[in-house]
Structure formats: structure tokens, C-alpha cells
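>
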Amino acid sequence: FDLLEWAALLHEVGLSINLRSFHRHSFYILLHSTLQGFNREQQLVLATLARFQRKALRLNELPEFNLYKQSDVLSLIKILRLSIVLNGQRNDDPLPDITLSIKGDEWMLTCTDEAWLDNNKLLHADLLEEQDRWASAKWTLTF
12 FDLLEWAALL HEVGLSINLR SFHRHSFYIL LHSTLQGFNR EQQLVLATLA
62 RFQRKALRLN ELPEFNLYKQ SDVLSLIKIL RLSIVLNGQR NDDPLPDITL
112 SIKGDEWMLT CTDEAWLDNN KLLHADLLEE QDRWASAKWT LTF
């Protein structure tokens, strides 16, 4: 297991406290719990991924890391956020083939089924909202 995989499994742990701001609750729980097998820096990265999984990207609140490059942590945040948006409906319907192309801070999702977003209006709206959040962080997301 790597940190992204653990973050995907644990990112909603804060729901046990409250639905409202659960990403912040997840951050607190993951940061202040005893997590066997993780050093303090790994635990901080894991908590940070949970914290930045949704809502506004307040990158000025991103902690400093000693063992990890900030750019790597930011990439993990982007991947987790996209994964959450794409699986937000939580149904068992398989997703079509989706390709992610990355050029610096410009990320592009392409789908083999061109009508897929037209047929999934809620997902399309969620992606548009995420695109706006990325733009506020000076990142580019196209689809």
C-alpha cells in the first residue's frame, strides 16, 4: 500500500464525527491517531491528502514536509480529488475508459465515450465545479 491508496481508503474517516467539514475532521483524526506502520511525516501526508480532498484549495494552509516534495504531495491531492469526483455517485456501473494527460499543472481527462458526460449531468456539474476550484489554485483541468 502506498500513501495515495491509504488516503483513498481513509479519506472519509471524519464522517464518524460529522458530515459537515468531514475533510477537516479526517485531517485531525489521521494526524493525531496512532497509526502503526507510518512515520510522522507519512502520517502528515496522509492527513493532508484527507484535508485537501474536497472544497476550496487553500494551498497556503498546506504544511511543510521534510521527506516529500511539495509538488509530489500536490499531485497526490489532484489524483485523489479527481478519483473522488469520478466515483462520487458510488454506483457499481463501470466507468468508461478515461485517460489522464499531464503537462505541468495542466491536467486533461479524455474519455473514449464522447457522450458519457452528456449522459451524466451530475458528474459533469461536479467536474465543472472541480475545474473552478483548480483554477483558483492556478491549476488547469480540462475534459
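With my numbering, you'll find the sequence shown wraps up at 154, consecutive numbering, no jumps.
Glycine included, every Cβ here is placed at the ideal spot set by N, Cα and C.
Keep in mind it's a predicted model, so treat the numbers as computed, not measured.
1. Inspect the beta-carbon positions of Trp118 and Leu57 and report whether they are closer than 7 Å.
2. Sorted by chain position, which residues of the same chain lie with C-beta nearer than 6 Å to Glu141's C-beta, five sequence neighbours on each side aside?
3. May I have the straight-line CA-CA distance separating Asn131 from Ser94, to the nearest angstrom?
4. Report yes if the C-beta distance between Leu68 and Arg144 is below 7 Å; otherwise report no.
5. Going by DSSP, which residues form a beta bridge with Thr123?
6. So, are the CB atoms of His34 and Gln64 less than 7 Å apart?
7. Within this structure, are the beta carbons of Ala61 and Leu41 separated by less than 7 Å?
8. What distance in whole Å lies between the Cβ atoms of Leu120 and Leu106, which are believed to be in contact at a cut-off of 8 Å?
9. Would Leu21 pass as a contact of Leu87 if the rule is Cβ separation under 7 Å?
10. May I ask you to list the residues that DSSP assigns as paired with Leu111?
11. Once the 5 residues before and after Ala148 are set aside, which same chain residues still bring their CB inside 7 Å of it?
12. Using the Cα positions of Trp150 and Ser27, report the straight-line distance between them to the nearest angstrom.
Based on what the coordinates show:
1. Residue mapping note: residue 118 aligns to position 107 of the sequence shown, counting from 1. Residue mapping note: residue 57 aligns to position 46 of the sequence shown, counting from 1. No, the pair does not count as a contact, with Cβ atoms beyond the cut-off.
2. For this step, residue 141 is matched to residue 130 along the sequence shown. Once the five neighbours on either side are set aside, the close Cβ partners of Glu141 are Val96.
3. Position 120 of the sequence shown, counted from the start, is the residue given in the question as residue 131. Position 83 of the sequence shown, counted from the start, is the residue given in the question as residue 94. Cα-Cα distance, rounded: 16 Å.
4. What you label residue 68 is simply residue 57 of the sequence shown in a count that begins at 1. What you label residue 144 is simply residue 133 of the sequence shown in a count that begins at 1. Cβ distance < 7 Å, so Leu68 and Arg144 count as in contact.
5. By one-based count along the sequence shown, residue 123 stands at place 112. Its beta-bridge partners do not exist; DSSP assigns none.
6. For the purposes of this step, residue 34 is identified with residue 23 of the sequence shown, where counting begins at 1. For the purposes of this step, residue 64 is identified with residue 53 of the sequence shown, where counting begins at 1. Cβ distance < 7 Å, so His34 and Gln64 count as in contact.
7. Your numbering for residue 61 matches position 50 in the sequence shown. Your numbering for residue 41 matches position 30 in the sequence shown. Result yes, Cβ atoms of Ala61 and Leu41 sit closer than 7 Å.
8. What you label residue 106 is simply residue 95 of the sequence shown in a count that begins at 1. What you label residue 120 is simply residue 109 of the sequence shown in a count that begins at 1. Not really, about 11 Å apart at Cβ, beyond 8 Å.
9. Along the sequence shown, one-based indexing puts residue 21 at 10. Along the sequence shown, one-based indexing puts residue 87 at 76. Result no, Cβ atoms of Leu21 and Leu87 do not sit closer than 7 Å.
10. Taking the sequence shown and counting its residues from 1, one reaches residue 111 at position 100. Leu111 is bridged to Leu120.
11. Sequence index remark: in the sequence shown, residue 148 carries index 137 (1-based). For Ala148, where only same-chain residues beyond five positions count, the Cβ hits under 7 Å are Leu68 and Leu70.
12. Reading the sequence shown from its first residue, position 139 is the one you call residue 150. Reading the sequence shown from its first residue, position 16 is the one you call residue 27. Those two C-alpha atoms are separated by around 32 Å.
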